[in-house]
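First comes the structure, then the notes that go with it.
Numbering (the working numbering), first residue to last: 2 to 507.
Now the structure itself:
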């Protein structure tokens, strides 16, 4: 990985030499001060969730944030395009880290193909960024990972199809940066397994059918897959007998074969033993499908995302019972309601409650009990305590409430939820947003709740952007939790931001 990065860093300046003189042009900046305060068990759920990990589940937190950015599309009229960004924060009440590098990246694009290097906040796939509950595989809930990413970031029309077919895709390798958090969370407990130095891989491909210049309906579908692999494992147990420790410290990286098995699932994990069959690393993904109808000044869409942990749900072996379903409506300009999103999330099935690999005694495999977001080596699909997918599957940072402090696991992954997101622009200077979620959980198959547990999460916010002070935005939010899952909480958040240009040429 280091050799690859060195090669890329060496080649890029040569390839983009003609653009280097433009790197100081069209650079923007932004500064933000945010403070959240609440009373109750935790901060309101939507004060914490889907904020790229720059938040806290604790009652009171705040940060001072500053960034500079040059958008790669500033050079949209050129074949070679260059963008970059640096985004730092100084925080209180957000764990042991007080200085946070949130983003640090460079983008180099040739025509439609982009190479992105570094740590960057990336938007949701095929969902409303501001109103959705989040993605099932790779969302906006956790801090971004440093990575090397080759992508077609925007839909590209396939030549010869007269714009009726378009594709977008990406391929990425990266690494986790939560070694210190995992050690601290584990608290030297020899019964709790964790990893350090883990690597990351993701890939996705989407096909869009339709040409809005000719017909108002478009249909988009595709698949994304992610994998956590490599690194060093601590306090691991054999899958055949959880109490049997393998070693205190085990290397999980096997060179190029691990990189290949992340790309094409294969191989096996170190604690599979002679009987249990598996694929190397924590493999997961989603199928996506979305239909959009584009009216004059308005649009409506329906979409679904089907999550899978293995082949039993990747294809139709056990049927697709677990889904995120959604509708999105964008209305003609009016002073009341601009956009509406409704989503239903169901993860109760998970291929059934029983899992059994083939053995000499019972040579039948039953591929149930998928244990969404959980893994017998990497603990959970998380980064620095926050799940990397949909936050309604509760993050490990909340595990002290469930009596599981120090366990990097997701203890509420069998859920059903109804989620509503609304936004409006009653005047040029004023905007508002409302999120409400009702959730029911049965815990997990391995740790079920005695009775179904319920929760309600609400956030209402208003943003004021005075026309006399361009670039200034003041956002005030109210948040509320109630129910058995995360308890009760009420709180407020105030955020003041200002943005402008360092050097604007256009």
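Glycine is no exception: its CB is placed at the ideal position from the N, C-alpha and C atoms.
Original post:
What span of residues does the beta strand (DSSP E) with residue 150 cover, start to end?
Top reply: 147-158
Original post:
According to the neighbour-count rule (16 or more other Cβ atoms, all chains shown, within 10 Å of its Cβ), is residue 48 buried or exposed?
Top reply: buried
Original post:
Opposite residue 83 in the DSSP bridges: which residues?
Top reply: 109
Subject >> residue 192, buried or exposed, once every other Cβ within 10 Å from all chains shown has been counted against 16 >> reply: exposed
**OP:** Would you kindly report the start and end of the unbroken beta strand (DSSP E) that includes residue 183?
**Re:** Counting along the chain, residue 183 falls outside any beta strand (DSSP E), though it belongs to the alpha helix (DSSP H) covering 180-187.
Subject >> Span separating the alpha-carbon of residue 16 from that of residue 160 >> reply: Per-residue confidence for residue 16 stands at a pLDDT of 49, beneath the threshold of 50, marking its modelled position as unreliable; the derived number appears in the next sentence. Rounded to the nearest angstrom, the two C-alpha atoms are 26 Å apart.
**OP:** With residue 288 as the anchor, note down where its beta strand (DSSP E) starts and where it stops.
**Re:** 283-295
Original post:
What number of angstroms, rounded off, separates the C-alpha of residue 74 from the C-alpha of residue 177?
Top reply: 28 Å
Subject >> Anticipated Cβ contact below 8 Å, residue 138 with residue 225, distance rounded >> reply: 6 Å
Original post:
In terms of residue numbering, what span does the alpha helix (DSSP H) encompassing residue 262 cover?
Top reply: 257-264
Original post:
Any idea what DSSP makes of residue 397, helix, strand or coil?
Top reply: helix
Original post:
From this set, 265, 309, 338, 194, which residue's C-alpha is nearest residue 1's C-alpha?
Top reply: This structure leaves residue 1 out entirely; the chain is present only between 2 and 507.
Subject >> Nearest-angstrom Cβ-Cβ length linking residue 442 and residue 416, presumed shorter than 8 Å >> reply: 5 Å
Original post:
Near residue 198, what residues of its chain come up, given a Cβ to Cβ distance below 6 Å and the 5 sequence neighbours on each side ignored?
Top reply: 232, 233
Original post:
Under 9 Å, do residue 448 and residue 482 count as touching if we go by C-beta distance?
Top reply: no
Subject >> Nearest neighbour of residue 382, chosen from 399, 407, 401, 411 [CA to CA] >> reply: 411
**OP:** Would you give the residue range spanned by the alpha helix (DSSP H) that residue 315 belongs to?
**Re:** 312-315
Subject >> 6 Å Cβ shell around residue 375 - same chain, five flanking residues per side excluded >> reply: 381, 410, 411
Subject >> Those residues which DSSP pairs with residue 420 across a bridge >> reply: 344, 438
**OP:** Ignoring anything shorter than 3 residues or poking outside the segment 38-81, list the beta strand (DSSP E) runs there in chain order.
**Re:** 62-71
Original post:
Leaving out the 5 sequence neighbours to the left and right, which residues in its chain are closer than 8 Å to residue 80 when beta-carbon positions are compared?
Top reply: 111, 112
Original post:
Cα-Cα, which of 29, 33, 25, 438 is closest to residue 496?
Top reply: 33
**OP:** Would you decide whether residue 145 is buried or exposed? Buried here means 16 or more other CB atoms lie within 10 Å of its CB.
**Re:** buried
**OP:** Report the three-state DSSP secondary structure of residue 23 (helix, strand or coil).
**Re:** helix
**OP:** Within the same chain, show all residues whose beta-carbon is closer than 7 Å to that of residue 167, passing over the 5 residues directly before and after it, in chain order.
**Re:** 156, 157, 158, 159, 209
Original post:
Which same chain residues, not among the five before or five after residue 70, have their C-beta less than 6 Å away from its C-beta?
Top reply: 29, 86
**OP:** Please report how far the alpha carbon of residue 67 lies from the alpha carbon of residue 453, in whole angstroms.
**Re:** 43 Å
Original post:
Under the three-state reduction of DSSP, which class applies to residue 271: helix, strand or coil?
Top reply: coil
Original post:
How far does the beta strand (DSSP E) with residue 168 in it reach, from first residue to last?
Top reply: 166-176
**OP:** Select from 173, 291, 196 the residue whose C-alpha is nearest the C-alpha of residue 180.
**Re:** 196
**OP:** Under 6 Å Cβ to Cβ from residue 475, same chain only, skipping five residues before and after it: list those, please.
**Re:** 465, 497
**OP:** Could you give the DSSP three-state label for residue 16: helix, strand or coil?
**Re:** Caution is warranted here: a pLDDT of 49 is assigned to residue 16, below 50, making its placement in the model unreliable, and no coordinate value can be reported.
**OP:** Whole angstroms is fine: what's the gap from residue 500's alpha carbon to residue 37's?
**Re:** 21 Å
Original post:
For residue 40, does the count of other Cβ atoms within 10 angstroms reach 16, so buried, or fall short, so exposed?
Top reply: exposed
Original post:
Are the segment 323-340 and the segment 291-309 touching, with three or more C-beta to C-beta distances below 8 Å?
Top reply: yes
Subject >> Own chain, CB closer than 6 Å to residue 436, minus 5 neighbours either side, in chain order >> reply: 47, 422, 460
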